[in-house]
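Undergrad: Using the UniProt record's numbering, the first residue of the sequence shown is number 1, and each one after it goes up by one. For each residue, glycine too, the CB sits at the ideal point set by N, CA and C. Supplied in structure tokens, the structure appears directly below.
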Amino acid sequence: MERLGSSTNITHLINTINTTAITAFANHSKNNTFQKRGPKPFDPTPGNITELVVLAVLCVLILLGNALVILAFIKGPRSIRTYTNYFVVNLAICDFMVGCLSVPYWMCVRLQVVGPEISHYFISLDVLFGTASILSLVAISIERMAAVRHPTHHYNMSSRPVFAAIFLTWFIGFILFGIKIWIGLTRMEEYTISIFIVSFALPLAIIVFSYIVLFKSAYSLQRADNQTRAQSIHRDMQIAKTISIIVGLFVLCWAPFFGMNLLFIVCMRCLSIQDFVLLVSIAKVMHYSNSMMNFFVYAVRSPEFKRTFKVLLSFECTTDNLRHKIRTVSGLTRLRGASILLKRNNNNAESCADMEKSPSMNNHGRNEEKPALEANEKSFLMVPKANGKSASTDSTGLSSSANSDTMLTDLHDSSYTYPYP
């Protein structure tokens with residue numbers, strides 16, 4: 001079996017795999033054939049083609065899903081802008097950048113069309129976006145724990161801690177990004193261990209601890225509220241299900257990547273080239289998949305986001321929303337017209353008294369003994385048509401058709417503005 005330490009193709013493998021483990025092994029290479037001869041042509045094996053297809057589909061799903069979350073947060077109602085959703089949108093931005101830069105670059109690496117100079121900078125960007133995404137998951141878990149553990153303090157909390165936590169996720173990511181740029185391919189063993197602690201071990205411990213506290217606090221609140229046993233069990237199962245999904249996906253997606261890096265440091269010569277390439281490909285696909293799964297875990301399961309998604313994606317919901325706006329504006333228009341007529345009648349008390357003495361004529365020539373003021377009050381409840389007549393009767397309740405035309409003119413006067421909901 002061909003081992004990593006004895007192969008003449010090691011340097012080509014080093015410069016075509018975008019992981020800290022591979023870049024660390026560059027220090028042990030003596031013959032840099034890649035820099036002398038250029039990249040080796042892509043080998044269109046079924047495994048390589050399948051990997052590229054999976055990466056392409058994954059890239060599209062990451063971009064569409066996270067872009068939809070960002071758009072929903074911007075275009076959605078004010079109720080969607082909660083503290084938790086600020087962290088969810090920050091997570092969506094991190095994952096969107098993964099789909100925009102990291103995944104396409106990794107596809108170029110697998111196609112073997114990039115050199116080591118460019119690879120070094122894109123590896124650093126991969127560290128930046130990956131760390132920011134993981135720390136966003138940590139921020140969400142801490143915020144949820146605080147909301148259940150200290151609900152009063154969380155309700156009265158200002159937005160400053162939220163934006164400070166978002167800034168901290170990117171600040172730590174940029175620190176690791178700068179260190180990676182600065183050290184290059186030197187001292188990679190220490191850097192790999194540091195990345196493992198900061199970006200995986202410590203975040204995993206915080207996430208597990210936060211959700212354990214959240215589960216216990218929610219269980220205590222349920223018992224304090226004296227709910228029925230069936231309802232308590234149902235809620236416990238829902239909380240446990242959500243926690244299991246979050247922690248399980250995090251470990252499933254990121255453990256292979258960090259575990260492979262540690263394996264490389266501990267036992268550099270334990271694997272053949274073929275096995276190592278296979279492990280690297282699986283690990284990269286898994287941790288990129290987390291950027292796609294976050295959309296379903298945090299956004300699709302949120303009622304606020306789900307309602308906004310339906311409005312953004314469904315033509316029927318959009319049409320209903322438009323009809324609701326039209327009905328609301330129509331109601332405001334009728335209300336404004338009624339208030340104008342009421343004010344006019346109050347200012348013209350003498351004319352109303354004269355109208356009470358003389359009976360008014362309707363459109364069919366029959367006399368009507370009702371006072372004009374009572375007829376005007378009745379007209380407030382009627383919807384005017386384009387011809388100035390009521391939708392329910394022939395008489396508008398006004399003294400003449402000229403008064404009806406005046407009412408419609410006032411309703412459509414440009415000096416009046418009707419706010420949209």
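(1) Please state whether DSSP places His314 in a helix, a strand or coil.
(2) Are the beta-carbon atoms belonging to Leu128 and Phe177 less than 9 Å from one another?
(3) Go ahead and label Gly65 buried or exposed: buried means 16 or more other beta carbons lie within 10 angstroms of its beta carbon, across all protein chains shown.
(4) Grouping DSSP H, G and I as helix and E and B as strand, with all else coil, what is Ser119?
(5) With distance defined between alpha-carbon atoms, name the residue in Cys253, Ser159, Ala67 and Ser220 nearest to Ser199.
(6) Whole-angstrom Cβ separation of Leu214 and Arg144, contact assumed at under 8 Å?
(7) Below 8 Å CB to CB, which residues in the same chain sit around Ala205 once its five sequence neighbours on both sides are set aside?
(8) Less than 9 Å between the C-beta atoms of Leu221 and Leu68, yes or no?
(9) In three-state terms, what does DSSP make of Ser159?
(10) In three-state DSSP terms, what is Ser272?
(11) Can you name the start and end residues of the alpha helix (DSSP H) that Cys267 belongs to?
(12) According to the Cβ coordinates, are Tyr298 and Ser102 closer than 9 Å?
(13) Return the first residue and the last residue of the alpha helix (DSSP H) that Cys59 is part of.
(14) Do the region 155-174 and the region 83-101 meet, that is, are 3 or more Cβ pairs less than 8 Å apart?
(15) Quick check on Gly173: buried or exposed, where buried means 16 or more other Cβ atoms within 10 Å of its Cβ?
(16) Cα separation between Gln112 and Asn48?
(17) Quick one: what does DSSP say Gly184 is sitting in, helix, strand or coil?
(18) So, with DSSP's three-state summary, where would you put Val114?
TA: For this structure:
(1) Checking the sequence shown, residue 314 turns out to be Ser, not His. In the structure shown, Ser314 sits in coil (DSSP, three-state: anything other than H, G, I, E or B).
(2) yes
(3) buried
(4) helix
(5) Cys253
(6) 6 Å
(7) none
(8) no
(9) coil
(10) strand
(11) No alpha helix (DSSP H) holds Cys267; DSSP gives it neither H nor E.
(12) no
(13) Pro46 to Lys75
(14) yes
(15) buried
(16) 11 Å
(17) coil
(18) coil
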